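When we follow the numbering used here, the leftmost residue of the sequence shown carries the number 154, and every step to the right adds one. For each residue, glycine too, the CB sits at the ideal point set by N, CA and C. The model shown is predicted, which means the values in this text are computed figures rather than measured ones.
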Amino acid sequence: MTLFDSPAFEGHEGVHAFSDERTGLKTIIAVHSTARGPAAGGCRMWPYASAELALEDALRLSRAMSYKNAMADLELGGGKAVIIGDSRTQKTPALFEAFGRAVQDVGGKYWTAEDVGVSPADLMHARRHTKYVAGLEGHPAASGDPSPVTAEGIFRGIQLCVRRAMNRELDGVTVAIQGVGHVGAYLADKLHAAGAKLVIADVNEEAVQEVAARTGAKVVSPGAIFDVAADVFAPCALGGAVNADTLDRISARIIAGGANNQLADPEVGRTLFQRGMLYAPDYVINGGGIINVAGEIRALDRGEAFDPAWVEAKLARLMQTLEEVLDRSRQESRPTHEVANEIARARIAGAAEKKAAA
Ligand code: NAD
């Protein structure tokens, strides 16, 4: 594969590779689009087996951020950084300082933040050499843990889907939650407070018992969560929960949860649609987290404190966008994930045209 032939390349504006021999840094910063504003997306540290695989991941993730940021109606484009290395053994302050210099070299076209293998403490080192870092702690612009905001968006999204598909409120509705980590646990609390009945599963026994104790949720084994008789299935663990194996086992009318990449492939989404199941596209309904981070970027950029009211307004707007996706899916008789992709592409193209004309 060469860079421009990669299926994930799709119109990337820039792909930047940096290495620093002294610290061992090898990083790729992919900028998919700056049409709506500077590209924003986290930095992932992962022991990729080859530079090719790292590039593929950077491209795929940065394009996904363009779509997610557009659907959250943020004045941000999409980008992503990957650092090749093992986050358990190869992290040093100097490595992240070198990463900060790399981000600075991209000249403000890319804002970084946390992702898998990267913590706020790592970003503090990067911050010494660039201002284009969000997801920090202990300053007035800091946005803190995004999980509660992500969970709030999912909660409202589930409420919307239940109203539309079942014509009722959440009281008495059964929701099966796969994974009660950061997002899943907050979601369980919110659903419980709204009167929903919960069935939960997690590979972490302690986490699942804790959430069950305070919400009265029924606990099932991780393998059994797909077979639960529920109205809503909320994947909040890893990607690929809805796949060829689980598709026939999920009886819920609604699939709406926090995990990224819930559909193993687009065909699964088409099958859900054909079966009359309502799928809330993952990158739309879980956009609360990036909205929270965008609140920090905005505050840093303006030299202001973090503004929760701005985040709330964006979250309300996100729900309008989800409604638009569901409306168009019904009107045009098309799967929700296809409609969402189309709206995202149109928003990005519209901004690009405006920018070109300016
Ligand atoms: P987390 O690691 O805190 O929670 C994930 C939970 O899933 C853990 O408790 C883990 O034990 C459990 N789990 C793993 N495999 C499982 C399995 N096979 N069956 C059942 N449970 C399993 O992560 P999180 O921050 O809560 O994020 C959850 C998902 O939401 C991820 O896919 C993440 O990418 C996505 N997401 C998170 C945010 C956020 O704000 N944290 C924002 C957008 C998307």
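{"query": "Whole-angstrom distance between residue 382 and residue 183, CA atom to CA atom", "result": "42 angstroms"}
{"query": "Close Cβ partners of residue 480 (< 6 angstroms) along its chain, the five nearest in sequence each way excluded", "result": "none"}
{"query": "For residue 430, three-class secondary structure by DSSP", "result": "coil"}
{"query": "Residue 309 - DSSP class collapsed to helix/strand/coil", "result": "helix"}
{"query": "Distance CB(residue 411)-CB(residue 337) smaller than 8 angstroms", "result": "yes"}
{"query": "Cβ contact (3+ pairs, closer than 8 angstroms) linking the segment 416-424 and the segment 257-271", "result": "no"}
{"query": "Heavy atom of the ligand NAD within 7 angstroms of residue 357 beta-carbon", "result": "yes"}
{"query": "Test item: CB-CB of residue 305 and residue 350 under 8 angstroms", "result": "no"}
{"query": "Any non-hydrogen atom of the ligand NAD within 7 angstroms of residue 314 CB", "result": "no"}
{"query": "Simplified DSSP assignment, three categories, for residue 158", "result": "helix"}
{"query": "Same chain, Cβ closer than 7 angstroms to residue 364, five either side skipped, listed in chain order", "result": "333, 338, 341, 353 and 370"}
{"query": "As assigned by DSSP and simplified to three states, the class of residue 389", "result": "coil"}
{"query": "6 angstroms Cβ shell around residue 425 - same chain, five flanking residues per side excluded", "result": "432"}
{"query": "Enclosing beta strand (DSSP E) for residue 356 [first to last residue]", "result": "From DSSP, residue 356 is part of no beta strand (DSSP E); its letter is neither H nor E."}
{"query": "Proximity to residue 513 [Cα-Cα], best of 313, 278 and 281", "result": "Residue 513 falls outside the range modelled here, since the chain spans only 154 to 511, and no answer is possible."}
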